[in-house]
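Novice: Position one of the sequence shown corresponds to residue 53 (the numbering used here), numbered consecutively onward.
Where a beta carbon is used, it is the ideal one built from N, C-alpha and C, also for glycine.
Since the structure is predicted, the reported quantities are computational estimates derived from the model, not experimental observations.
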Amino acid sequence: MLIQVLKSKIHRVTVTEANLDYIGSITIDEDLMDAAGIIENERVEVYNITNGERLATYAIAGERGSGTVCLNGAAAHKVPAGSLIIIASYAIMDADEARSWHPTVIFPTNNKLA
Numbered sequence: 053m054l055i056q057v058l059k060s061k062i063h064r065v066t067v068t069e070a071n072l073d074y075i076g077s078i079t080i081d082e083d084l085m086d087a088a089g090i091i092e093n094e095r096v097e098v099y100n101i102t103n104g105e106r107l108a109t110y111a112i113a114g115e116r117g118s119g120t121v122c123l124n125g126a127a128a129h130k131v132p133a134g135s136l137i138i139i140a141s142y143a144i145m146d147a148d149e150a151r152s153w154h155p156t157v158i159f160p161t162n163n164k165l166a
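1. Thinking lysine 130 and glutamate 92 are a contact (beta carbons under 8 Å), I'd like their distance in whole angstroms, please.
2. Thinking C-beta only, is serine 135 closer than 8 Å to asparagine 103?
3. Contact between the segment 138 to 157 and the segment 55 to 72 is defined here as three or more beta-carbon pairs at a separation below 8 Å; is this criterion met?
4. With a 10 Å radius around its C-beta and 16 neighbouring C-beta atoms as the bar for buried, classify glutamate 82 as buried or exposed.
5. Hey, would you say glutamate 94 sits closer than 8 Å to tyrosine 110, going by beta carbons?
6. Can you look up serine 118 in the DSSP assignment and give me helix, strand or coil?
7. Using a Cβ-Cβ cut-off of 8 Å, state whether glycine 134 counts as contacting chain B.
8. Relative to the C-alpha of isoleucine 80, which candidate in Asp146, Leu58, Glu115 and Ser60 has its C-alpha closest?
9. Are there 16 or more other CB atoms within 10 angstroms of the CB of alanine 166, so buried, or fewer, so exposed?
10. Please return the same chain residues whose Cβ sits closer than 7 Å to the Cβ of tyrosine 142, not counting the five positions on each side in sequence.
11. Tell me whether leucine 84 is buried or exposed, calling it buried when 16 or more other Cβ atoms sit within 10 Å of its Cβ.
12. How would you write the range of the alpha helix (DSSP H) that leucine 165 sits in, first residue to last?
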């Protein structure tokens, strides 16, 4: 049996921009993506701590070291600039592998790695 488990998480970052005129996705500072093991175009879940909204989208690499976290397209209505969010990615693996799996969780400070 295959199950879905948490692969990685960027815990508590602030949305720096919301761009309604983009076709969709979330733009994330490439340093944060690398640290969390999230690759470009990977499906991610966004959990808005500020207002409780949740949505699924895909990651786009933003400028390295910029601290950018930008919700694009319709998602910008649910996650406006200034929102505090969690970004999570998941993996599918067999139950035996999942039992010993340890997700990568990063805790940025001011949207930057410590």
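Specialist: Walking through what the data contain:
1. Within the sequence shown, residue 130 is the residue found at index 78, counting from 1. Within the sequence shown, residue 92 is the residue found at index 40, counting from 1. Wrong, their Cβ atoms sit about 22 Å apart, outside the cutoff.
2. Here residue 103 is taken as the residue at index 51 of the sequence shown, counted from 1. Here residue 135 is taken as the residue at index 83 of the sequence shown, counted from 1. In contact: asparagine 103 and serine 135 (Cβ atoms closer than 8 Å).
3. yes
4. In the sequence shown, counting from the first residue as 1, residue 82 sits at position 30. That one is buried.
5. In the sequence shown, the residue the question calls residue 94 occupies position 42. In the sequence shown, the residue the question calls residue 110 occupies position 58. Yes. Within cutoff.
6. As a first step, residue 118 is located in the sequence shown; it is residue number 66 there, counting from the start. Three-state result, serine 118: coil.
7. Among the chains of the structure shown, chain B does not appear; only one protein chain is present.
8. To locate residue 80, count along the sequence shown from 1; it is residue 28. Checking every option, the nearest Cα to that of isoleucine 80 belongs to Glu115.
9. In the sequence shown, the residue the question calls residue 166 occupies position 114. Exposed is the call here.
10. By 1-based counting over the sequence shown, the position of residue 142 is 90. Counting only Cβ-Cβ distances below 7 Å, and skipping sequence neighbours, we find Gln56, Val57, Leu58 and Lys59.
11. For the purposes of this step, residue 84 is identified with residue 32 of the sequence shown, where counting begins at 1. So leucine 84 ends up on the buried side.
12. In the sequence shown, residue 165 corresponds to position 113, counting from 1. Taken as a continuous stretch (DSSP letters only), leucine 165 belongs to no alpha helix (DSSP H), as it is neither H nor E.
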